[in-house]
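Undergrad: Dropping a structure here in structure tokens format, bear with me for questions.
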Amino acid sequence: MSEFFTVSVLVATLAGGIRLATPFLLAALGETLGQRSGVLNLGVEGVMLIGAFAAYYTALETGSTVAGIAVAIGIGAVMGLIYAFLTVVMHAEQGISGIGIFLFGLGFTDLLFQKQVGTPLPIPGVGKAPIPILSDIPHLGEIFFDHNPLVYLAFLLVPIMWFVVNKTTFGLNVRAIGQTPEAADTLGVSVNLTRTFTIVIANCFAGLAGAALALEVGIFQQNLTAGQGFIAIALVYFGAWRMPWVMSGALLFGVVSSTVLQWKTLGIVSGPSSSLLAMAPAILTILVLVLVSRRVSAPAALTRPFDRAG
Amino acid sequence: MTALASPPRSPDPSEAAEHAGIRRLLRPLVGLVVPVSAVIAALAVGAIMLLALGANPLSGYKALFVGGFGSWDNLADTAIKAMPLMLVGVGISIAFRTGVINIGGEGQIIAGAILSTVVAIGLPDVPRPVLVPLVLLAGAVGGGIWGAIPGALKAYAGVNEILSTIMMNIVAAQFLSFLLQDLLIEEGAIRIQQTERLSENADLPLLPGGTRLHLGFLIAILVAVLGYFLLFRSSLGVRLRAVGHNPDASRYAGMAVKKSIVQALAFSGACAGVAGAILVFGSESHRLIGEGGAAGFTQNAGFNGIVTALFGGLHPLATVPASFLFGGLLTGGIELQRELQVPAALIVALNGVVVVFVVASFRLRGRLQSWVDAGRGGGA
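Keeping their order, the protein sequence lines are chains A and B. At position 173 of the first sequence the residue is numbered 173 (the numbering used here), and the sequence of numbers has no breaks. To convert, count from 1 in the second sequence and add 310; that's the numbering used here.
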């Protein structure tokens with residue numbers, strides 16, 4: 001255990017935590033926006049898988065990670081339109097249709113991977129882009145300012161999304177239709193159009209989160225996400241539907257995952273006990289939900305479809 | 311377009327009379343709208359995917375059908391695949407009708423399998439007529455506990471059960487992996503995550519007929535019947551369904567809403583836990599094996615059972631034919647892989663499509679129902 005508490009290992013663990021927090025954060029930011037408008041998107045896990053495969057396959061074929069990221073976001077948008085049609089137009093029960101999207105993503109990506117790739121060929125990751133001057137600060141530089149651009153993007157999106165939700169007319173509309181869609185409708189806000197928009201954005205974020213994960217890992221495999229998309233949804237509850245708190249949750253999960261990895265690398269845990277340790281994020285999620293569920297209140301219209309006719 | 315949309319509110323009495331015959335004909339068929347439209351839509355999506363993969367959809371569906379239902383042996387394999395789907399599906403029906411979304415079938419199957427395995431290892435010499443019921447009961451208890459935990463968390467701490475059951479799946483899968491690498495590992499085995507061959511006294515006996523079909527099939531049907539009586543023929547079922555229909559009204563009526571939530575998830579988990587025991591003691595290896603990839607121990611039944619339950623309209627008895635259909639897809643998927651080199655993962659994707667279309671077509675059914683009902687009471 002003593003080998004874990006050295007400066008260089010701790011710095012590497014924290015830096016790794018920020019890197020591993022990125023997919024959680026991206027997915028959770030999008031999910032927060034969607035839930036603020038009253039739509040629970042449980043399909044995040046499936047869309048993340050689809051985004052991950054899209055980014056992986058595109059990068060493998062074209063050699064361009066940028067193209068991979070673009071394709072993942074684009075496919076996220078398509079999945080968003082499908083989910084919007086299901087929930088906004090057809091009023092499908094959101095919890096269950098999200099599980100349908102998950103199953104589809106799980107099977108579909110496995111199918112394509114087996115058919116198109118077969119063996120897990122590695123792809124080049126996204127290169128690090130250290131921020132000049134700041135990255136030279138001892139220790140802090142390595143922890144905060146020596147990452148790939150997707151990491152910076154994810155954390156930059158936190159204040160941006162906060163601003164959009166809290167300081168713009170669009171954000172006001174989103175919050176209104178998440179609480180009392182009928183009142184917002186009376187005031188001339190198009191509930192279903194706004195929801196369609198937030199769902200598409202949320203799914204673009206999920207696709208991007210999947211791309212970030214695939215590029216981080218460097219390969220694709222069946223069920224690559226292994227529950228990360230579901231944890232991202234739990235983070236929205238953890239963060240009480242507020243962007244900065246959602247970010248804190250993502251960081252917590254990133255650091256826990258990074259610590260687990262570090263302990264495996266250092267041989268502090270081995271073989272069977274690493275399976276026990278792999279339960280940590282899931283158990284942490286349950287504990288966090290127990291602590292916060294009674295203390296925060298969800299948007300009042302969450303999971304309730306809107307229909308003017310009643 | 312407008313003509314299609316307006317009939318429900320048609321003010322013209324003669325028009326209502328004109329449609330009365332059609333309405334009478336349609337009335338018994340309304341319940342079939344959801345499954346039928348879901349199947350057609352899923353088949354269409356599946357055809358598109360097969361085309362995209364360079365396979366002929368017709369030969370693809372032929373391979374699926376022949377593989378699933380083409381011979382007695384194939385039918386028996388389909389029935390074997392249908393057992394866990396049926397059991398999980400009955401459990402899902404109980405939970406969903408109580409208004410609790412149980413996504414934890416995977417974890418509950420594993421919990422049931424672990425507890426029943428422990429019983430079989432602890433009591434290997436108990437005679438077969440006692441040990442077989444005992445391991446099935448242990449499975450029910452294990453799954454029931456694994457379901458009751460998220461139930462209690464929802465009832466008493468307000469924890470969203472969708473998220474907690476999914477997390478319980480991850481915990482159970484990792485715990486199984488831990489046990490199979492450590493406490494329950496077979497002597498001498500290093501690479502394969504599996505237990506030793508469990509006591510022969512716990513083997514589920516084969517049914518006559520010369521196929522691989524075993525007692526688990528009758529157990530699954532028995533559980534479906536019990537599930538039906540629980541939901542629709544007992545006072546407990548009335549309470550559970552009332553809570554599912556309107557928890558607030560049930561609370562004002564003095565019903566124990568919290569207790570109902572815990573009970574529903576416990577029953578639901580118990581059904582999945584029995585599936586776990588059957589997957590161990592009805593398997594050809596008679597071992598508890600690890601979750602390795604797509605062909606892992608649970609065979610994804612915890613999720614596929616949701617598909618079965620939804621397809622069966624959340625009615626325990628209807629999950630019996632529904633699980634045959636989806637069991638057939640699973641066995642047919644193997645044939646599809648062999649004949650057309652299309653990975654069987656296609657079936658998982660198709661199941662997702664079915665879920666989506668089933669929940670999306672509920673609204674369609676509602677519309678049709680109100681149109682059909684509009685014909686009742688003459689030209690009012």
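Cβ coordinates follow ideal geometry from the N, Cα and C atoms, glycine included. The model shown is predicted, which means the values in this text are computed figures rather than measured ones.
Hey, would you say Thr303 of chain A sits closer than 8 Å to Gly118 of chain A, going by beta carbons?
TA: Contact: no.
Undergrad: Let me confirm a value: Thr265 of chain A is counted as buried when at least 16 other C-beta atoms fall within 10 Å, else exposed. Which label applies?
TA: Answer is exposed; the Cβ neighbour count stays below 16.
Undergrad: Below 9 Å on C-beta distance, what does Asp185 of chain A contact in chain B?
TA: In chain order: nothing, as chain B lies at least about 19 Å away.
Undergrad: Cβ closer than 7 Å: which chain A residues qualify as neighbours of Gln491 of chain B?
TA: Result: Gly271, Pro272 and Ser275.
Undergrad: Tell me, please, which residues DSSP counts as bridged to Ile599 of chain B.
TA: Answer is B:Gln504.
Undergrad: Around the Cβ of Ser316 of chain B, are there at least 16 other Cβ atoms within 10 angstroms (buried) or fewer (exposed)?
TA: Because the pLDDT at Ser316 of chain B is just 37, under 50, the model does not fix this residue reliably, and the value given afterwards should be weighed accordingly. Answer is exposed; the Cβ neighbour count stays below 16.
Undergrad: Taking one C-beta from the region 74-88 of chain A and one from the region 108-127 of chain A each time, how about it: are there three or more such pairs within less than 8 Å?
TA: As far as the Cβ criterion goes, the region 74-88 of chain A does not touch the region 108-127 of chain A, which means the pair count is below three.
Undergrad: Taking a cut of 9 Å between CB atoms, which residues from the region 638-662 of chain B lie near chain A?
TA: Within the region 638-662 of chain B, the qualifying residues are Gln651, Val652, Pro653, Ala654, Ala655, Leu656, Ile657, Val658, Ala659, Leu660, Asn661 and Gly662.
Undergrad: Comparing the CB of Phe238 of chain A with every heavy atom of the ligand MN, is any distance shorter than 7 Å?
TA: The ligand MN is absent from the structure shown, which contains no ligand whatsoever.
Undergrad: Please work out which residues of its chain come closer than 7 Å, Cβ to Cβ, to Ile286 of chain A, disregarding the five sequence neighbours upstream and downstream, and give them in chain order.
TA: Cβ within range, chain order: n/a, list empty.
Undergrad: From Val570 of chain B to Met393 of chain B, what distance separates their C-alpha atoms?
TA: In the sequence as displayed, the identity of residue 570 of chain B is Ser instead of Val. Taking the straight line from one Cα to the other gives about 26 Å.
Undergrad: Which value, in whole angstroms, describes the spacing of the CA atoms of Gln35 of chain A and Gln609 of chain B?
TA: If I take the Cα positions, the gap works out to 32 Å.
Undergrad: Between the alpha carbons of Glu416 of chain B and Gly188 of chain A, how many angstroms are there, rounded?
TA: Roughly 45 Å separates the two Cα atoms.
Undergrad: If you measure from the beta carbon of Ala684 of chain B to each beta carbon in chain A, is any gap under 8 Å?
TA: Chain A contact via Cβ: absent.
Undergrad: Hey, Gly586 of chain B and Ile419 of chain B: beta-carbon distance below 8 Å or not?
TA: Result yes, Cβ atoms of Gly586 of chain B and Ile419 of chain B sit closer than 8 Å.
Undergrad: Quick check: Gly623 of chain B and Val400 of chain B, are their CB atoms within less than 8 Å of each other?
TA: Contact: no.
Undergrad: Starting from His147 of chain A and walking both ways along the alpha helix (DSSP H), at which residues does that stretch end?
TA: That residue, His147 of chain A, is in no alpha helix (DSSP H); it is neither H nor E in DSSP.
Undergrad: Spell out whether any CB of chain A is found under 8 Å from the CB atom of Met393 of chain B.
TA: No, because no Cβ of chain A sits closer than 8 Å to the Cβ of Met393 of chain B.
Undergrad: Can you say whether Ala530 of chain B is buried or exposed, counting buried as having 16 or more other CB atoms within 10 angstroms of its CB?
TA: Looking at its Cβ environment, which holds 16 or more other Cβ atoms inside 10 Å, Ala530 of chain B is buried.
Undergrad: Name the residue from A:Ser258, A:Trp263 and A:Ala232 whose alpha carbon lies nearest to the alpha carbon of Gly249 of chain A.
TA: Nearest of A:Ser258, A:Trp263 and A:Ala232 to Gly249 of chain A, Cα basis: A:Ala232.
Undergrad: Please tell me whether Gly107 of chain A and Ile657 of chain B are closer than 8 Å, where the distance is taken between their beta carbons.
TA: Cβ atoms of Gly107 of chain A and Ile657 of chain B: closer than 8 Å.
Undergrad: According to a CB-to-CB cut-off of less than 8 Å, which residues of the region 98-114 of chain A neighbour chain B?
TA: If the cut-off is 8 Å between Cβ atoms, the region 98-114 of chain A has Ile99, Gly100, Ile101, Phe102, Leu103, Phe104, Gly105, Leu106, Gly107, Phe108, Asp110, Leu111 and Gln114 near chain B.
Undergrad: In this structure, does DSSP put Val290 of chain A in helix, strand or coil?
TA: Correct three-state label for Val290 of chain A: helix.
Undergrad: So is Leu363 of chain B in contact with chain A if we call contact Cβ pairs under 8 Å?
TA: Yes, its Cβ sits closer than 8 Å to a Cβ of chain A.
Undergrad: Give the DSSP-derived three-state secondary structure of Leu516 of chain B in the structure shown.
TA: Strand.
Undergrad: Listing by chain order, which chain B residues have their CB less than 7 Å from the CB of Ala282 of chain A?
TA: By Cβ distance, chain B contributes Met477, Ile480 and Val481.
Undergrad: Whole angstroms is fine: what's the gap from Ala604 of chain B's alpha carbon to Arg561 of chain B's?
TA: Only weak support exists for where Ala604 of chain B lies, its pLDDT of 42 falling under 50; the value from the coordinates is given anyway. Roughly 43 Å separates the two Cα atoms.
Undergrad: Is the beta carbon of Val663 of chain B sitting closer than 8 Å to the one on Ala534 of chain B?
TA: Against a cut-off of 8 Å, the Cβ pair of Ala534 of chain B and Val663 of chain B comes out as no contact.
Undergrad: What does a CB cutoff of less than 7 Å around Lys128 of chain A pick up in its chain, not counting 5 residues either side in sequence?
TA: If we look at Lys128 of chain A and ignore the five residues flanking it on each side, its Cβ neighbours are Asp146, His147 and Asn148.
Undergrad: Do Thr65 of chain A and Val7 of chain A have their C-beta atoms within less than 8 Å of each other?
TA: Cβ atoms of Thr65 of chain A and Val7 of chain A: not closer than 8 Å.
Undergrad: Buried or exposed, going by whether 16 or more other CB atoms sit within 10 Å of the CB of Ala362 of chain B?
TA: That one is exposed.
Undergrad: For Asn192 of chain A, report the span of its alpha helix (DSSP H) as first-last.
TA: Counting along the chain, the alpha helix (DSSP H) containing Asn192 of chain A begins and ends at Val191 to Val217.
Undergrad: Compile a chain-ordered list of the residues in the region 606-623 of chain B whose CB is closer than 9 Å to at least one CB of chain A.
TA: So the close ones are Asn610, Phe613, Asn614, Ile616, Val617 and Leu620.
Undergrad: Would you mind listing the alpha helix (DSSP H) stretches within the region 364-433 of chain B that are 4+ residues and don't spill past its ends, in chain order?
TA: Fully enclosed alpha helix (DSSP H) runs of 4 or longer: 367-379, 382-407 and 415-432.
Undergrad: Just the Cα atoms here: how many angstroms apart are Phe542 of chain B and Val572 of chain B?
TA: Straight-line Cα distance between these residues: approximately 19 Å.
Undergrad: Just confirm the distance between the C-beta atoms of Asn192 of chain A and Val256 of chain A, as a whole number of angstroms; I'd bet it's less than 8 Å.
TA: In fact, because the Cβ distance is near 39 Å, the residues do not count as touching under 8 Å.
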